[in-house]
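Notes to accompany the following structure.
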Amino acid sequence: MVETAPDIIYLHGFRSSPQSDKAQALDSHLKAISYSGEWFIPELAYSPVEIEKQLDDLIQGRGDRAVGLIGSSLGGFFAYAMAERYGLPAVLINPAAYPYDLMNQYLGTQTNLYTGEAFEVTREDVECLRDLDPGEPSHPERLMVMLQTGDETLDYREAERRFANVHLMVEEGGDHRFSSFENHLSAMLTFLADEARVPDSTA
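Residue numbers (the working numbering): 7 to 209.
Spelled out as structure tokens, the structure:
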């Protein structure tokens with residue numbers, strides 16, 4: 007546990023970007039409250055191998071600074087994987103519980119919804135996601151999972167079952183974007199501050 011505000015890393019979802027509504031809402035909120043830690047909203051690569059390297063470099067680069075992770079959809083899966091790898095707290099928003107099963111339907115050419123950039127999803131990408139899955143949470147108390155039953159992209163029940171033993175909030179209605187995201191920002195930041203930890207340097 008640490009007493010200073012943790013640095014925040016927000017991970018956007020598949021075909022998304024730092025320009026997404028949630029990323030921008032988080033950025034605006036942290037500026038509005040004059041958040042004392044640093045925050046990062048990286049533009050994630052398309053390849054899971056490259057994303058893994060991006061996140062390893064970013065987290066290891068924080069040195070002895072405490073870090074908290076927030077991830078949405080596929081970004082929620084990566085936040086979970088990195089939380090397990092480095093012993094960090096994370097908030098997962100409508101996360102993809104088993105993305106390697108989901109991504110089979112996206113094989114081939116895809117388009118970033120914000121930049122219009124085309125990219126390829128390969129079977130190697132799917133297998134990389136499977137390899138990244140850390141299994142069951144080793145520290146469920148360090149995870150907060152927020153789900154909305156109206157998610158039109160993911161079946162919220164998969165994440166509800168997978169993360170049944172963590173700090174779990176299931177909100178009726180809503181959508182994949184998590185329409186009440188802004189209303190929960192203070193609670194998310196409080197959770198990450200309460201569970202704040204420096205990344206495990208042995209990871």
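Here a beta-carbon is modelled for each residue, glycine too, at the ideal position from N, C-alpha and C.
{"Item": "Using only the heavy atoms of the ligand ZN, determine whether one of them is closer than 7 Å to the beta carbon of GLY69.", "Value": "Ligands are entirely absent from the displayed structure, and the ligand ZN is therefore not among its contents."}
{"Item": "Does the distance from the C-beta atom of ARG148 to that of GLU188 stay below 8 Å?", "Value": "no"}
{"Item": "Between which two residues does the beta strand (DSSP E) carrying SER78 extend?", "Value": "73-78"}
{"Item": "Between SER53 and VAL127, what straight-line distance do the alpha-carbon atoms span, to the nearest angstrom?", "Value": "8 Å"}
{"Item": "Cα-Cα, which of ALA51, GLN30, PRO12 and ASP33 is closest to ARG21?", "Value": "ALA51"}
{"Item": "Can you give the Cα-Cα distance for GLY141 and GLY74, rounded to whole angstroms?", "Value": "20 Å"}
{"Item": "With DSSP run on the structure shown, which of helix, strand or coil describes ILE99?", "Value": "strand"}
{"Item": "Leaving aside the five residues before and after LYS28 along the sequence, list all residues of the same chain whose C-beta is less than 6 Å from its C-beta, in chain order.", "Value": "SER78 and PHE187"}
{"Item": "By DSSP's criteria, LEU174 is part of a beta bridge. Which residues make up the other side?", "Value": "VAL151"}
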